[in-house]
């Protein structure tokens with residue numbers, strides 16, 4: 001079990017790396033949390049400023065995309 005992280009302990013994870021047409025890699029990932037974390041729990045936790053900031057920092061760090069080619 002992996003302990004820590006913004007969503008709590010992780011029981012397991014699985015991912016696959018894919019190559020996009022231009023050679024850059026990206027990851028598809030599933031995680032299984034080691035607790036019963038329901039949407040209502042997230043709704044409650046998101047009210048906490050510290051949790052919200054940690055979640056925002058985490059998501060900004062792991063979610064990457066380049067939309068420059070879609071600019072008009």
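Residue numbers (full-length UniProt numbering): 1 to 72. Virtual Cβ for every residue (Gly too), placed ideally from N, Cα, C.
Helix or strand or just coil, what does DSSP make of residue 31?
Three-state DSSP puts residue 31 in a strand.
Per DSSP, residue 37 is paired with what?
BP columns for residue 37 are empty, so no partner.
Which same chain residues end up closer than 8 Å to residue 8 when comparing Cβ atoms and leaving out the 5 residues on each side of it in sequence?
Counting only Cβ-Cβ distances below 8 Å, and skipping sequence neighbours, we find 33, 34, 35, 37.
Between the C-alpha atoms of residue 47 and residue 56, what's the straight-line distance to the nearest angstrom?
The alpha-carbon atoms of residue 47 and residue 56 are separated by roughly 13 Å.
Tell me which residue opens and which closes the alpha helix (DSSP H) that residue 54 is part of.
It spans 49-62 - the alpha helix (DSSP H) in which residue 54 sits, taken as one unbroken run.
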